[in-house]
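Everything below concerns the one structure shown next.
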Amino acid sequence: MKALKHLNKYFYKYRYRLIVGIIITIVAKIFALFTPRLVGASINVVSDRLSGKITEEVFRSELMINILFLIGAAVVAGVFTFLMRQTIINVSRYIEYDLKNEIYKHYQILSLSFYKSNRTGDLMNRISEDVGKVRMYAGPAIMYTMNTITLFVVALIYMISAAPLLTLYTLLPLPILSVAIYYLSRLINKRSTIVQQSLSTLSTYSQETFSGITVIKSYGIEPRTYVEFEQLSAENRQKQINLTKVQAFFFPMMILLIGISNLIVVYIGGMQYMSGEIEQIGTIAEFIIYVNMLTWPVATIGWVTSIVQEAEASQERINEFLDTEPEIKNTALDLTPIKGDIEFKNVSFTYPDTNIEALKDVSFKLKSGETLAILGKTGSGKSTILDLIGRLYDIDKGSLLIDNTKISELNLYSLRESIGYVPQEAFLFSDSIKNNIKFGKEDATDEEVIAAAKNAKVHKNIINFNKGYDTVLGERGITLSGGQKQRVSIARAIIKKPDILLFDDCLSAVDTETEEKILNNLVKLTKDKTTIIVSHRVSSAKNADQIIVLDDGRVIESGNHESLINSKGYYQELYTKQLSEKEK
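Numbered according to the UniProt record's numbering, the sequence shown spans residues 1 to 584.
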C-alpha cells in the first residue's frame, strides 16, 4: 500500500464527497439489513398462528405491517445505494482526471534524455491503462470495502443479539478465508506487475509499427511484423491467463465457504431450536438470509484485494516516472524579455545517453539582429548548438550567455517563448494546416496565417487542397510531402515573430529555386531578429553576417562569405562543388 499513499492528497481534496458517500453507504446497508429481521419476524408470526398463539386478525395485521416495512426498507435501501454509487464512483473519476493531468504535466517538464530512454508506448500505457487500474481502487474498491464493513458490523450485531453461539459457528470459515486472501494477494500483485509491463511492450510495438507503416510497406515486411506482434500477443495472453488463474480461486472459494456456513446454520440452528436454545424458528431463516446477504460482500473481498494489488502495481509504475526529476530545471522566476545577444565561450558538450562528445571548445558571439550560418559535415555538432540555445540540454564546460546572462539563470519559459525553432525533421500534428501554423501563435488571424504561409512559399500548395487551410493532416503530417512539411514548419516559426529564430537544415527537401525565394523572404523578416541557420548548402549561408564551419565538434573556420571563399578551406571547397553542380 506504500505506493498508493500518493493518492492521499486526492482523497483529502475530495474528502467531503467521500464522507457523504460513506454516510450514505452506512444508511443504505442498515436499511438493507432490515430484510432478514422482518422475514424472520414474519415467519415467527406464521409459526405463532399455526400453533394457535395468535388470532387470525392479529396474524393478518402483523404480517401486513411486516410486508409494508419490507417494501419501504427495500425502496429506501435502493435509493441510498444509487446515491452511494453516484457519490463514490464520481470521486474516482475526479481522481482519475487529476492523476492523468498530473502525469501529463510532469511528462511536459521532463528532459529530452528521458524521452530517449523511454518508449512512447510505455508512456501512453502508464497514463491510460495504469491510471485506469488506480481508478478502480479509488472508486469501486472503496465503495465495496465500505459496503462489506458496514454489512458485517451491522449484521454481526443483529446476529449476536439473536443467537450468539450460532453466530460463532456461522463465522468459523472466515479465518480460513483471511489466510487464503493474504497468500493469493501477494501472488496477484507480482503477476499484475508482469502483466502491466507486458502491456507496455505490446503498446510500444503497436505504436512504432503504426508510426513506421510507410517503411514497413516499402520493405514488404508486413508478414514479419505480424508474426512478431502475434508472438508478443501470445506472451501477453499467457501472462494474463497466469494472473486470471490466481484470481479464479477467489469466487469458488467464497461460494464454498458460504455454502459451509449455510449448512452450519441449518444443522446447528436446527439442533438449538429442537433443544430450546433458540425459541423461534424465524431466527434460523433470519440467519440464512444474513449468510446469503454476506455472500457477495465476502466474495468482493477477493475482488477488492485483487483491485488493490493491481492498483498498487500500477501506481508503482506511475510513481517511477513521477519521481523522475527533470535534468533541466527552471530556477529563475523573473520573466526578463530576451533581446537576442548570444555568446558561446569555449563550450563543450557530451550527450549523456550516448556519451558522444558533440561540441569541443566552441566559441562565437552573435549580436541581436545578426544572422549566423553554421555549416559542416553530418554529425559535426551543428544541431547540438541549437539544442543548447533552446536549453534542451545543459552545457558541460564553458559558458553560454544570452543577453550577457548565463542561460541557466534565465527563466526557461521566457527563453523558449522568445525562440522560433524549425527542426531538421519537421513534425506536424494531426490537425488542420491552419492550426499547425497557428501553433506558433494561437491567437493569429487568418490573414497572419496566410501571410506566414506565403513567406514560407507554401500558400499555393495549401490552396490546391480540397479544404485548403482546413485540410486535416495525417499523423506527423504524412499528408504532405517532405518539402511541404518543412515549409509549414517555417510558417509556424515566423508567425510567432520571436526574437531568436533557429533553422535546423529546414530547406533540405526544398528545390534550390524555392529555397532562394524563401531565403529572400527570411532576409526581410529577420532583419531585426537574431537568426541561426544550420545548413549543408552554401546558398543558405552566403547572406549571413557570420559563418562558422564545424568538424568533429570544433570550429575550423569562421568569417563571412567573402572571407571564407578566399580562405581556400572547407567552405571554399563546398562552394565550388555546389556551384559546379548547379551549373550542370
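Just so you know, even glycine gets a beta-carbon here, dropped at the ideal spot from N, CA and C.
List the residues that DSSP assigns as beta-bridge partners of residue i.
{"i": "S558", "result": "I548"}
{"i": "T530", "result": "I500"}
{"i": "S399", "result": "K345"}
{"i": "G420", "result": "L501"}
{"i": "L372", "result": "I532 and Q546"}
{"i": "T576", "result": "Beta-bridge pairing links T576 to no other residue."}
{"i": "K382", "result": "In the DSSP output, where bridge partners are listed per residue, K382 has none listed."}
{"i": "F364", "result": "F344"}
{"i": "S406", "result": "Looking at the sequence itself, residue 406 is Lys, so the reference to Ser does not match. According to DSSP, which records beta bridges pairwise, K406 is partnered with L401."}
{"i": "S432", "result": "V472"}
Below 8 angstroms between beta carbons: does that hold for residue i and residue j?
{"i": "I565", "j": "T530", "result": "no"}
{"i": "A426", "j": "K485", "result": "yes"}
{"i": "L473", "j": "S418", "result": "no"}
{"i": "A138", "j": "S92", "result": "yes"}
{"i": "K151", "j": "P297", "result": "Checking the displayed sequence, the identity of residue 151 turns out to be Leu instead of Lys. Against a cut-off of 8 angstroms, the Cβ pair of P297 and L151 comes out as a contact."}
{"i": "D361", "j": "N404", "result": "no"}
{"i": "S414", "j": "I338", "result": "yes"}
{"i": "D505", "j": "V538", "result": "no"}
{"i": "E515", "j": "S481", "result": "no"}
{"i": "I258", "j": "V215", "result": "no"}
{"i": "A77", "j": "A41", "result": "no"}
{"i": "I462", "j": "I495", "result": "no"}
{"i": "I268", "j": "Y169", "result": "yes"}
{"i": "N262", "j": "I288", "result": "yes"}
{"i": "I43", "j": "G282", "result": "yes"}
{"i": "I389", "j": "L502", "result": "yes"}
{"i": "S47", "j": "Q280", "result": "yes"}
{"i": "L4", "j": "A311", "result": "yes"}
{"i": "N521", "j": "N464", "result": "no"}
{"i": "T384", "j": "L359", "result": "yes"}
{"i": "L112", "j": "L392", "result": "yes"}
For residue i, which option in the options has the closest C-alpha, if you only look at C-alpha atoms?
{"i": "N118", "options": "M253, T204, F287 and I260", "result": "T204"}
{"i": "residue 588", "options": "A180, E230 and I407", "result": "Given that the chain is displayed from residue 1 to residue 584, the structure contains no residue 588 and the question cannot be resolved."}
{"i": "F439", "options": "I395, V488 and R492", "result": "R492"}
{"i": "F229", "options": "C506, T201, L243 and K217", "result": "T201"}
{"i": "S61", "options": "E357, V45 and A541", "result": "V45"}
{"i": "K397", "options": "T576, I374, T350 and E235", "result": "T350"}
{"i": "S192", "options": "A332, N236 and I450", "result": "N236"}
{"i": "L412", "options": "G212, L333 and K524", "result": "L333"}
{"i": "L256", "options": "K190, L335, L172 and D323", "result": "L172"}
{"i": "Q578", "options": "T371, K542 and M136", "result": "K542"}
{"i": "V549", "options": "T526, E573, Y158 and D528", "result": "E573"}
{"i": "N330", "options": "I109, G72 and Y104", "result": "I109"}
{"i": "A74", "options": "I478, F34, R224 and L99", "result": "F34"}
{"i": "M84", "options": "P140, K365 and I43", "result": "P140"}
{"i": "T244", "options": "T145, S306, D48 and Y570", "result": "S306"}
{"i": "residue 591", "options": "G369, R416, L410 and K367", "result": "Nothing about residue 591 can be reported from this structure: the residues present for the chain run from 1 to 584 only."}
{"i": "H536", "options": "S558, K568 and Y575", "result": "Y575"}
{"i": "L99", "options": "D470, F11 and V458", "result": "F11"}
{"i": "I490", "options": "Y469, R476, E475 and P423", "result": "P423"}
{"i": "L335", "options": "S380, G468, L410 and L359", "result": "L410"}
{"i": "I532", "options": "I547, N520 and S113", "result": "I547"}
{"i": "V265", "options": "P252, T225, I284 and V555", "result": "I284"}
{"i": "E96", "options": "V131, S113 and K116", "result": "V131"}
{"i": "K345", "options": "T120, V555, E129 and Y94", "result": "V555"}
Looking at chain B, is there any beta carbon in it that lies within less than 8 angstroms of the beta carbon of residue i?
{"i": "K454", "result": "Of the protein chains in the structure, only one exists, and it is not chain B."}
Would you please state the rounded distance, in angstroms, between the beta carbons of residue i and residue j? I believe it to be under 8 angstroms.
{"i": "V195", "j": "Q240", "result": "6 angstroms"}
{"i": "N125", "j": "L199", "result": "6 angstroms"}
{"i": "V488", "j": "I437", "result": "6 angstroms"}
{"i": "T87", "j": "V20", "result": "6 angstroms"}
{"i": "V523", "j": "S314", "result": "Wrong, their Cβ atoms sit about 54 angstroms apart, outside the cutoff."}
{"i": "M143", "j": "I89", "result": "7 angstroms"}
{"i": "T167", "j": "I160", "result": "5 angstroms"}
{"i": "T55", "j": "I301", "result": "At roughly 47 angstroms, the Cβ-Cβ gap does not stay under 8 angstroms, so T55 and I301 are not in contact."}
{"i": "L375", "j": "F364", "result": "Incorrect: roughly 13 angstroms between the Cβ atoms, too far for contact."}
{"i": "R163", "j": "I278", "result": "Per the sequence shown, residue 163 should be read as Ala rather than Arg. Yes, they are in contact, since the Cβ atoms of A163 and I278 sit about 6 angstroms apart, within 8 angstroms."}
{"i": "G553", "j": "S380", "result": "7 angstroms"}
{"i": "F69", "j": "L38", "result": "5 angstroms"}
For residue i, is the beta carbon positioned less than 7 angstroms from some heavy atom of the ligand GDP?
{"i": "V39", "result": "Among the components of this structure there are no ligands whatsoever, and the ligand GDP is therefore not found."}
Go through the region 100-133 residue by residue and report every complete run of the alpha helix (DSSP H) that reaches 4 residues or more, in order.
-> 112-117
Please specify which runs of the beta strand (DSSP E), each continuous and at least 3 residues long, are wholly inside the region 335-361, giving them in chain order.
-> 342-350
Which runs of the alpha helix (DSSP H), 4 residues or longer, sit entirely within the region 151-181?
-> 164-170
Fully enclosed by the region 273-321, which alpha helix (DSSP H) runs are 4 residues long or longer?
-> 282-293
What runs of the alpha helix (DSSP H), each 4 residues or longer, lie entirely inside the region 8-85?
-> 8-13, 15-32 and 34-50
Of all the beta strand (DSSP E) runs that stay within the bounds of the region 445-526, which reach a length of 3 or more residues?
-> 500-504
Start-end ranges of the alpha helix (DSSP H) lying completely within the region 222-267, minimum 4 residues | 222-247
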